[in-house]
Each structure stands twice: as structure tokens, then as C-alpha cells.
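Visitor: Just dropping this structure here.
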Amino acid sequence: MSKYFIAKVPPSYNLCQNCRIRDALIYFNSTLRGGSNHSSVPASIFRTNYCSTYQGWVTKMIVIIRDIYYHNFTFEVKDTDTIITLKVMIEFKTGTSPCSQRLIYHGQNLENERKIGDYNIREKSIIDLVYRMSGC
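Each residue of the sequence shown is one higher than the last, beginning at 1 in the UniProt record's numbering.
Dropping the structure here:
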């Protein structure tokens with residue numbers, strides 16, 4: 001039998017006091033064959049996007065890229081990945097070079113050097129992909 005439980009992060013982690021929700025670790029509790037218990041191994045890490053000052057955790061998420069033909073592509077990214085990293089991932093799926101891509105989220109052009117977390121992009125957010133007609 002397996003179960004999930006949530007343990008609050010201790011105050012000694014010195015998290016930003018402006019966070020509305022404290023970070024939490026989600027542990028997977030299971031008994032393996034042979035009786036050993038691995039409840040201390042985190043299955044995944046949950047972090048709210050309210051705090052940008054604490055750099056200890058990395059949030060993984062799925063984002064959806066939608067092109068002008070309404071084709072959807074899904075990618076697993078980290079909030080610390082740069083936009084150019086995402087564009088390279090898109091190139092592997094679509095064959096379109098990063099310099100021919102423009103990514104738009106909530107009407108805002110995404111700049112190559114900035115991080116995904118800078119734009120407050122969340123799980124299953126839809127990012128629009130527009131193709132540039134000429135080269136870089």
C-alpha cells in the first residue's frame with residue numbers, strides 16, 4: 001500500500017517571509033520488497049511562484065506551445081530554464097530554428113535571455129509560437 005503525505009518545510013530553511021504559502025515537500029511512502037521503507041525520499045517538490053528570492057528549489061512544469069496552425073506541443077521545463085532553452089526544445093520537435101521563433105505569453109514577447117519563471121509561467125500555461133518569415 002502506498003500513500004502520499006505532505007511535510008512542511010522547517011523554518012530553518014529561511015524562506016522569504018512574503019510567501020503566502022510555505023514550500024512543501026511531497027513524500028512518497030512505500031514499503032519495498034524485503035520490508036525496507038523509503039518514506040524519506042521526496043517524490044516531487046512543490047513550490048509556489050509567490051517567492052522569487054529563495055533559490056533553493058526548482059519547479060518543473062509542463063508548458064504547452066501552440067503555433068499559428070493550432071498544433072500543440074508539450075514540453076517539460078524548469079522555471080530556471082531560459083527562453084532560448086525552450087526554443088531549442090521546440091526546434092527538436094518542429095524543425096524550426098530558434099532565431100525563426102517568436103514566443104508570446106499573455107501578449108508579451110518572451111526574451112531569449114530571461115528565465116521562464118521571470119514571466120510567471122505556470123503549469124500547463126499556453127505559450128503562442130509565431131514563425132518569423134526571414135532569418136535571424
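Idealized CB from N, CA, C, for every residue including glycine.
(1) Are the beta-carbon atoms of ILE121 and VAL63 separated by less than 8 Å?
(2) Pull up the CB-CB distance for THR96 and TYR70, whole angstroms please, since I reckon it's below 8 Å.
(3) Under a Cβ-count criterion, where at least 16 other Cβ atoms within 10 Å of its own Cβ denotes burial, should residue 145 be classed as buried or exposed?
(4) In the DSSP assignment, the alpha helix (DSSP H) including VAL88 goes from what residue to what residue?
(5) What's the call for GLN101, buried or exposed, on a 16-neighbour Cβ count within 10 Å?
(6) Under a Cβ-count criterion, where at least 16 other Cβ atoms within 10 Å of its own Cβ denotes burial, should VAL77 be classed as buried or exposed?
(7) Considering only their Cβ atoms, is the gap separating ILE65 from ILE90 smaller than 8 Å?
(8) In this structure, does DSSP put TYR119 in helix, strand or coil?
(9) Is LEU110 near the ligand ATP, with its Cβ less than 7 Å from a heavy atom?
(10) DSSP puts THR74 in a beta bridge; with which residues?
(11) Tell me the DSSP bridge mates of ASP128?
(12) Give the DSSP bridge partners of ASN109, in chain order.
(13) My guess is that ASP79 and GLY107 are in contact by the Cβ rule of under 8 Å, so how many angstroms apart are they, rounded?
Guide: Result, derived from the coordinates:
(1) yes
(2) THR96 to TYR70, Cβ: 16 Å. No contact.
(3) Not covered by the structure: residue 145. The range shown for the chain is 1 to 136.
(4) 83-94
(5) buried
(6) buried
(7) yes
(8) helix
(9) The ligand ATP is absent from the structure shown, which contains no ligands of any kind.
(10) ILE64
(11) ARG66 and ILE104
(12) ILE104
(13) Not confirmed; about 20 Å, so no contact.
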